[in-house]
Each structure stands twice: as C-alpha cells, then as structure tokens.
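The opening residue of the sequence shown carries number 57 in our numbering; numbering runs sequentially from there.
The C-beta atom is built at its ideal place from N, Cα and C for all residues, glycine as well.
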Amino acid sequence: FGRNPTALSLIFSEVLDIVYDNNHHRLDQWNPTLLRPQKMQEYADAVHAKGAPLSNCFGFIDGTLRDISRPKFNQRVVYNGHKRKHGLKFQSVVVPNGMIANLQGPYKGRKHDCSMLHETNLLNNLRQNAWANGEPLCLYGDPAYPLNPHLQMPFKGAQITADMRAYNKVMSQVRVTVEWLFGNITNFFKFLDFKKQMKIGLSPVGKLYVVCALLENTRTCLYGNIVSSFF
Numbered sequence: 057f058g059r060n061p062t063a064l065s066l067i068f069s070e071v072l073d074i075v076y077d078n079n080h081h082r083l084d085q086w087n088p089t090l091l092r093p094q095k096m097q098e099y100a101d102a103v104h105a106k107g108a109p110l111s112n113c114f115g116f117i118d119g120t121l122r123d124i125s126r127p128k129f130n131q132r133v134v135y136n137g138h139k140r141k142h143g144l145k146f147q148s149v150v151v152p153n154g155m156i157a158n159l160q161g162p163y164k165g166r167k168h169d170c171s172m173l174h175e176t177n178l179l180n181n182l183r184q185n186a187w188a189n190g191e192p193l194c195l196y197g198d199p200a201y202p203l204n205p206h207l208q209m210p211f212k213g214a215q216i217t218a219d220m221r222a223y224n225k226v227m228s229q230v231r232v233t234v235e236w237l238f239g240n241i242t243n244f245f246k247f248l249d250f251k252k253q254m255k256i257g258l259s260p261v262g263k264l265y266v267v268c269a270l271l272e273n274t275r276t277c278l279y280g281n282i283v284s285s286f287f
C-alpha cells in the first residue's frame, strides 16, 4: 500500500477501535432485535425440528479458550490447567441462524465456565426476556453449567438410563453448532490462531476476538440474507 509497517499498524489499531466502540454492544448486551420473544420461539422451533427432545431450547451456550503467548508477568492468571496452556476465555451464545447472539469476555484463562456465567448478566436477562406463552425458553450448555429453568444441560453420572443417554446424544448433535461458530471465526481470521503474536500488553487480544466475532456475524448476515435481523 506504499506505507511503512508502523503506519499500517496505526491504521489497523484505529479501525479496530472504531469498529469495537460502535458495535460491541451488539454482542455483550442483550440484543432486543436478535433475541426478541418471537425470534427466540422461532429458534426453539428450529432446534426441535432438528430432532432435539427439548421444545423450548432457542440456543446454545459455551465457553472458549483463545490461545495467547505466555506472558512475562502474571502467568498463572491466564494459565488454564484443564487445557494446559495460556489463554483468554470468552462465553458465547449461539442461535440456529448461525449468529453469535451474545459474547462476554475476555476473562482470565483459569476461569471456569460457571464462574464466567455468574459474572455476566446473562441469567438475569434470560429470566426477564426468555419467555414464550408464559413458558420459559432455555439455552443448552455442557455439564459445567448449573441446572436452571432457562439453562439446561446433559444428564450426568455413570448410572444414567438408556433414555438419558439417547437424550444426551441427540442434544450433543444439535449443540455442535457452537463449535462450528468457533471454528468459523478462526478459519476466516486465521491470525487469531497465531498465538506468538497474541501478546497481552502489546496487542489488544481480547478486542481482536470480539471484533472478529462481529465481522463473522456480519458475514453470516450477508450470506444468509438476514441483515435486518441483526442491524
């Protein structure tokens, strides 16, 4: 582009700030357009039509760990013992139209998914807004989350029945969409996977992931012809 790397870096950082400042509320706050009662009922009907036993599940929740370069200081804060690597965590809610309806983070890499949930306002928003015909609508997550009328999870334990195992299997098959969304973000924005450049204090690592999630939603809107649902 006829510019030196320093100028390109400054331009990139400025555009990143503009996109984040003007649009992050679409993800980290309750989206009254994407998550209005009528739309949530449509999502629940679509999930049920795919074979899910739950008729009131409108979306799926999960946490993801984004790899970062090992920091010089406070390494234990961002070290995830389960994955055995350093990273930042995000909590995502995905709905059947392929959109990320809510994204919270970044959080310390050692944070448990349940701890992230309690630090957000998501459960309160679900209690206030996730209803259809007087009945609660719910999200479906992994066993790390607490059981709640608005938050369901698989059956746990070694002595579950055959019906319980069948329930877990079918719900796992429809829940895989969460992982697809995580994969889409890193497939289209591959620099996020180059963890040697994801350095806390030198790069806005958390902001980069949020902006890429916003752009992934925009891409889904454009290719899915649902721009009005998001904007």
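Of the choices the options, whose alpha-carbon is the least far from that of residue i?
i, options, result
"valine 103", "Val267, Leu195 and Asp77", "Leu195"
"tyrosine 99", "Met220, Asn240, Gln85 and Phe116", "Phe116"
"aspartate 118", "Cys170, Asp77, Trp86 and Thr89", "Cys170"
"arginine 183", "His206, Ala269 and Gly239", "His206"
"isoleucine 124", "Ala269, Leu270, Pro210 and Pro260", "Pro260"
"phenylalanine 146", "Ile216, Pro109 and Leu159", "Leu159"
"glutamine 253", "His81, Ala218, Gly143 and Asn153", "Gly143"
"leucine 90", "Asn130, Asn153 and Arg122", "Asn153"
"glutamine 95", "Phe245, Asn185 and Asn130", "Note that residue 95 corresponds to lysine in the displayed sequence, not to glutamine. Out of Phe245, Asn185 and Asn130, Asn185 has the C-alpha closest to the C-alpha of lysine 95."
"isoleucine 156", "Leu258, Ile256 and His81", "His81"
Look at the alpha carbon of residue i and the alpha carbon of residue j, and state the distance between them as a whole number of angstroms.
i, j, result
"leucine 179", "leucine 248", "29 Å"
"serine 285", "asparagine 189", "Summary for serine 285: the model assigns pLDDT 40, below 50, so the residue's position carries little reliability; its value from the coordinates is reported in the next sentence. If I take the Cα positions, the gap works out to 22 Å."
"valine 283", "threonine 274", "In this prediction, valine 283 scores a pLDDT of 39, lower than 50, which makes its location untrustworthy; no coordinate-derived value is stated."
"tyrosine 76", "lysine 263", "7 Å"
"glycine 56", "valine 230", "Lying outside 57 to 287, the shown extent of the chain, residue 56 is not represented and no answer is given."
"tyrosine 201", "proline 192", "17 Å"
"arginine 92", "serine 111", "17 Å"
"proline 127", "aspartate 101", "45 Å"
"lysine 225", "aspartate 84", "30 Å"
"aspartate 219", "proline 109", "11 Å"
"histidine 138", "glycine 58", "46 Å"
"leucine 72", "serine 228", "35 Å"
Would you kindly report the start and end of the unbroken alpha helix (DSSP H) that includes residue i?
i, result
"alanine 102", "93 to 105"
"alanine 63", "61 to 79"
Secondary structure, beta strand (DSSP E): runs of 3+ residues fully inside the region 174 to 252: 194 to 196
Is the region 133 to 150 close to the region 159 to 177, with three or more CB pairs under 8 Å? yes
Does the region 199 to 218 come into contact with the region 232 to 246, if we say contact requires no fewer than three beta-carbon pairs (one atom in each stretch) closer than 8 Å? no
Any chance you could list the beta strand (DSSP E) runs of at least 3 consecutive residues sitting entirely within the region 124 to 163, in chain order? 141 to 150
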